[in-house]
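Number of protein chains: 2
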Amino acid sequence: MTLIQPVILCGGGGTRLWPRSRRDRPKPFLPLLGERTLFQQTLDRVSDRDMFAPPIVVAGAAHEPLIREQGGNELTLIVEPAARNTAPAIALAALSLPEDAIMLVCPSDHYIANDEAFISGVRQAIALAREGRLVSFGIEPTAPETGYGYIRKGAALGEGFQVDSFVEKPDAATAQQFLASGQYCWNGGIFAFAAGDFVKELGRHRPEMARGVAEAMAQAKRCGAAIYPAAEPFAAISAESVDYAVMENTDRAAVVSADMGWSDIGNWDALHTVRPCDEQGNHTRGKVELRECSRVMVESDGPRVSVVGLEDVVVVIDGDDVLVTSRAHAQSVGKLAGAVQQ
Amino acid sequence: MTLIQPVILCGGGGTRLWPRSRRDRPKPFLPLLGERTLFQQTLDRVSDRDMFAPPIVVAGAAHEPLIREQGGNELTLIVEPAARNTAPAIALAALSLPEDAIMLVCPSDHYIANDEAFISGVRQAIALAREGRLVSFGIEPTAPETGYGYIRKGAALGEGFQVDSFVEKPDAATAQQFLASGQYCWNGGIFAFAAGDFVKELGRHRPEMARGVAEAMAQAKRCGAAIYPAAEPFAAISAESVDYAVMENTDRAAVVSADMGWSDIGNWDALHTVRPCDEQGNHTRGKVELRECSRVMVESDGPRVSVVGLEDVVVVIDGDDVLVTSRAHAQSVGKLAGAVQQ
């Protein structure tokens, strides 16, 4: 049986995890949980060489040194000439592969607690991909999240489901209905499909994008294990996510449902939720003194931080920046980061 | 008319204003309000040389350089050989003066917003002191504070009152009664009396302390404008406040009542209360970014501090220390400071 081809996407800044996540050292390359970075943990999950081929990583040129440093020598790097969201990034990888290669597309900035459940989901998805399906990983929802896209499951299909519909981030009441109905799962941003099927569907629904990517790859320069697609045709492409460009349009969409302790670690509150905490719900890193605190998360890369009498607060010290926010306002940090990093 | 003799006391650490206030740079020597330090503001209040003699400052040896730097050359410094609270400190100054010198004893770590009201209170107190009274400055209470001692006013006496009683820090219900009754004022820690009267009353109620201080002053060394009382007899004295040792025992106690915008700046919350704030009740110093914040106080001596979505929180950056607390827990900072400065 041919190996599965992991394709790891390293776009995205993670501004809501500022000041730890910064332009030159974004979220995938930080050891936010444990000692390995999220990027390294993503590689670790597809490191079984009896099942997976050495990975392809798609990333911007700025992060090539971080990827080489953290990713080792085994991977193939495709350098995006410009940031154009996930659909073009995945297409670059697809065009570098044989048509029958089964791709497993993984973001590099998510957390998955249960590796076995992940592998089990991969097996289900791959089976459907081999039958010509474009498969999304659905995550069984555990809370009425309003920050995620949802997928409504349709009729059973192998070990998964047909996709009834993709749903935008819902409001709180709608999210509650979705959770109660049992028919929805979160869109985990992980996909499986044959390279040729993806290229075909992209050509059908986004023909200009498909042409632009094909041109960029036709003129690509190769240097060792790195591929540098041509800048000009790629830059002319419109940025679009794989969900919008392909998954919501194709009639070959399927979804497998996985319960694997997934989090997109979208902000400090989400990170707090998946980190180990003491009995008061506190998590600390670095020199931290807590007095009469509950559900606080404090991390410092240097100065001693003393927190007295607070609840549900996040404190992060990173170099010359100090962030203090509430868990409820964690989502607003991205806007601030955008403003102060100007 | 002879000049009033200011006596400025520079004891007390101000641990509840940690990390800004530290052992080697305590509260009186910090510019907590405006550009002048609390010590300098205390000197400024008694700087009218038509009314006040050049001040005597009583302080520990550790703070002599700070006092020289901030206090100029005009003052006389009495160096306490050991910290023994206010009664012995005041006695040192009293024994360095003629018996009929009228002393105005001022802490160096309080804030007074209204200088005119202060001077008016001084005139009232001095008039009583000239008649042989030991006069406390009472502060008209503006809130049911549980952190202050209270004085219950008795019969009218000149422009002041006899003292009915000194009252320990009350509980919240009692403080509320005190405020409602109109018969109580806060004990402001400012005193006026003739040097000889103070020495006499100390000898009556604390004869050992009086003997110890007299001995220390008899063996004192003088060097320029500094007086160094002898260490051995002074160290043998028990530490006691002037309230306990003298004011609560003497039958010559009087109180004048002043409404002068006084605060002991006992903790970060008290400091926040007397600092100028924006419309949301926020006060910042240094590089600070606020988003959706109310009633927060943030000060940094270096790093940029970004605060998002918090209320009633205090953030202080001082060198390698970061403090984050709530206004309600500001009082607990002293304990923490004691622990972390070990």
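Chains as they are written, first to last, in my numbering: chain A, 758 to 1099; chain B, 758 to 1099.
Ideal Cβ positions, reconstructed from N, Cα and C, are used throughout, including at glycine.
As the structure is a prediction and not an experimental result, all values here were calculated from the model.
field: C-alpha gap between G960(A) and G953(A), whole angstroms
entry: For the purposes of this step, residue 960(A) is taken as residue 203 along the first sequence, with counting starting at 1. For the purposes of this step, residue 953(A) is taken as residue 196 along the first sequence, with counting starting at 1. The straight-line gap separating the alpha-carbon atoms of G960(A) and G953(A) is approximately 10 Å.
Of the residues G1076(A), G906(A) and I761(A), which one's Cα is nearest the Cα of P812(A)?
The count along the first sequence starts at 1 and reaches residue 812(A) at position 55. Comparing Cα positions, the closest option is I761(A).
Exercise. On a CA-only basis, which of V1064(B), V924(B), L1080(B) and V1053(B) is nearest V1070(B)? Give me that one, please.
Key: Locating residue 1070(B) in the second sequence gives position 313, counting from the first residue. Ranking V1064(B), V924(B), L1080(B) and V1053(B) by CA distance to the CA of V1070(B) puts V1053(B) first.
- Message: Applying the 10 Å Cβ sphere with the 16-neighbour rule, what's the burial state of A1010(A)?
- Response: Position 253 of the first sequence, counted from the first residue, corresponds to residue 1010(A). So A1010(A) counts as buried.
Q. Taking Cβ positions, are V1081(B) and V1062(A) nearer each other than 8 Å?
A. The count along the second sequence starts at 1 and reaches residue 1081(B) at position 324. The count along the first sequence starts at 1 and reaches residue 1062(A) at position 305. Contact flag set, yes.
query: Using the C-alpha atoms, what's the distance from L1028(A) back to P785(A)?
result: Here residue 785(A) is taken as the residue at index 28 of the first sequence, counted from 1. Here residue 1028(A) is taken as the residue at index 271 of the first sequence, counted from 1. Near 13 Å, if we compare the C-alpha coordinates of L1028(A) and P785(A).
Requested in this report: Please say whether H867(A) and I1074(A) have beta carbons closer to each other than 8 Å?
Outcome: Along the first sequence, read from residue 1 onward, the residue named residue 1074(A) stands at position 317. Along the first sequence, read from residue 1 onward, the residue named residue 867(A) stands at position 110. Here I1074(A) is not near H867(A), since their CB atoms are 8 Å or more apart.
* Cα separation between T759(A) and L885(A)? -> On the first sequence, residue 759(A) is found 2 positions in, with the first residue counted as 1. On the first sequence, residue 885(A) is found 128 positions in, with the first residue counted as 1. Each residue's alpha carbon lies about 15 Å from the other.
Note to self: Quick check on the burial criterion: 16 or more other C-beta atoms within 10 angstroms. Buried or exposed for K926(B)?
What the structure shows: Here residue 926(B) corresponds to residue number 169 of the second sequence, with the count starting at 1. Exposed, because fewer than 16 other Cβ atoms sit within 10 Å of the Cβ of K926(B).
List, in chain order, every chain B residue whose beta-carbon is nearer than 7 Å to that of A1085(A). Stepping through the first sequence from its first residue, residue 1085(A) is reached at position 328. Near A1085(A) (Cβ distances below 7 Å), the residues of chain B are G1066.
query = Which residues in the same chain as W1019(B) place their Cβ atom closer than 8 Å to its Cβ, once the five residues preceding and following it in sequence are excluded?
reply = For the purposes of this step, residue 1019(B) is identified with residue 262 of the second sequence, where counting begins at 1. Cβ-Cβ distances below 8 Å link W1019(B) to H867, Y868, I869, A870, I896, W943 and G945 in the same chain, with the five nearest sequence neighbours on each side left out; the list follows chain order.
Give the residues of chain B in contact with L1093(A), contact being defined as C-beta atoms less than 8 Å apart.
Counting from one through the first sequence, the residue named residue 1093(A) turns up at place 336. In chain order: E1046, R1048, S1063 and V1065.
N-terminal and C-terminal residue of the beta strand (DSSP E) that E1046(B) is part of
For the purposes of this step, residue 1046(B) is taken as the residue at position 289 of the second sequence. Segment V1045 to R1048, the beta strand (DSSP E) holding E1046(B).
Next on the checklist: Is S1051(B) close to chain A? Criterion is C-beta to C-beta, closer than 8 Å.
Outcome noted: For this step, residue 1051(B) is matched to residue 294 along the second sequence. No, no contact with chain A.
Is D1078(A) helix, strand or coil when you go by DSSP? Taking the first residue of the first sequence as position 1, residue 1078(A) is located at position 321. Strand at D1078(A).
C-beta neighbour in chain A for T903(B), strict 8 Å:
As a position in the second sequence, residue 903(B) is number 146, starting the count at 1. By this cut-off, T903(B) is not an interface position.
Original post:
Given 8 Å as the limit, is there contact between the segment 922-941 of chain A and the segment 839-851 of chain A, that is, 3 or more CB pairs closer than that?
Top reply: Cβ pair count under 8 Å is below three, so no.
inquiry  = Helix, strand or coil, according to DSSP, for D921(A) in the structure here?
reply    = Taking the first sequence and counting its residues from 1, one reaches residue 921(A) at position 164. Strand, per DSSP.
Query raised in the report: In three-state DSSP terms, what is Q827(A)?
Result: Residue numbering aside, residue 827(A) sits at position 70 when the first sequence is read from its first letter. Three-state DSSP puts Q827(A) in a helix.
Using a cut-off of 7 Å between C-beta atoms, extract the partners of T772(A) located in chain B.
Here residue 772(A) refers to the residue found at position 15 of the first sequence. None at all; the shortest Cβ gap to chain B is about 12 Å.
Determine, for D1069(A), whether the minimum Cβ-Cβ distance to residues of chain B falls below 8 Å. Your numbering for residue 1069(A) matches position 312 in the first sequence. Cβ-Cβ to chain B under 8 Å: no for D1069(A).
Within the segment 1002-1048 of chain A, ranges of the alpha helix (DSSP H) (whole runs, at least 4 residues) = Annotation note: the segment 1002-1048 of chain A contains the following uninterrupted alpha helix (DSSP H) runs of length 4 or greater, listed N- to C-terminal: 1025-1031.
Please tell me whether V1079(B) has its Cβ less than 8 Å away from any Cβ of chain A.
Mapped onto the second sequence, residue 1079(B) falls at position 322. Interface flag for V1079(B) against chain A is set, since a Cβ pair is found closer than 8 Å.
Checklist entry - Does T1082(B) have its Cβ less than 8 Å from a Cβ in chain A? => result Here residue 1082(B) corresponds to residue number 325 of the second sequence, with the count starting at 1. Judged by the 8 Å Cβ criterion, T1082(B) is in contact with chain A.
Query raised in the report: Of all the options G817(B), P763(B), P898(B) and A851(B), which has the alpha carbon lying nearest to the alpha carbon of E831(B)?
Result: Mapped onto the second sequence, residue 831(B) falls at position 74. It is P763(B).
What residue ranges within the segment 849-915 of chain A form continuous beta strand (DSSP E) runs of no fewer than 3 residues, ordered along the chain? Counting only runs of 3+ residues, the beta strand (DSSP E) found wholly inside the segment 849-915 of chain A occupies 859-864, 891-896 and 907-914, in chain order.
Open item on the list: Quick check on V737(A): does DSSP put it in helix, strand or coil?
Closed with: Absent from the structure is residue 737(A), since the part of chain A shown begins at 758 and ends at 1099.
Check this for me: beta carbons of M860(B) and L852(B), under 8 Å apart or not? For the purposes of this step, residue 860(B) is taken as the residue at position 103 of the second sequence. For the purposes of this step, residue 852(B) is taken as the residue at position 95 of the second sequence. Contact flag unset, no.
* From V1012(A), A937(A) and P986(A), pick the residue whose C-alpha is nearest to that of F950(A); which is it? -> Along the first sequence, one-based indexing puts residue 950(A) at 193. Minimum Cα distance to F950(A) is reached at V1012(A).
Handout entry: Limits of the unbroken beta strand (DSSP E) element including P763(A)
Key = Taking the first sequence and counting its residues from 1, the one referred to as residue 763(A) is at position 6. It spans Q762 to L766 - the beta strand (DSSP E) in which P763(A) sits, taken as one unbroken run.
Quick one: what's got a C-beta closer than 6 Å to A858(B)'s C-beta in the same chain, skipping five residues either side?
The residue labelled residue 858(B) in the question sits at position 101 within the second sequence. The answer, listed in chain order, is Q762 and A952.
Is D770(B) near R777(B), with beta carbons less than 8 Å apart?
Counted from its first residue, the second sequence places residue 770(B) at position 13. Counted from its first residue, the second sequence places residue 777(B) at position 20. The sequence given here has Gly at residue 770(B), not Asp. Between G770(B) and R777(B), the CB-CB gap reaches or exceeds 8 Å.
### Local Cβ density within 10 Å of K1092(B), reported as buried at 16 or more and exposed below that
Position 335 of the second sequence holds residue 1092(B). Exposed, because fewer than 16 other Cβ atoms sit within 10 Å of the Cβ of K1092(B).
- Query: For the candidate residues V803(A), H1086(A) and F955(A), whose alpha-carbon lies nearest to that of A874(A)?
  - Reply: The residue given as residue 874(A) occupies position 117 in the first sequence. Measuring from the Cα of A874(A), the nearest candidate turns out to be V803(A).
Looking at the unbroken alpha helix (DSSP H) that takes in L834(B), where does it start and where does it end? Taking the first residue of the second sequence as position 1, residue 834(B) is located at position 77. Taken as a continuous stretch (DSSP letters only), L834(B) belongs to no alpha helix (DSSP H), being part of the beta strand (DSSP E) at T833 to E837.
Quiz prompt | Candidates L1067(A), M1004(A) and E1056(A): closest to W775(A) by CA position | solution = Position 18 of the first sequence, counting from 1, holds the residue named residue 775(A). Checking every option, the nearest Cα to that of W775(A) belongs to E1056(A).
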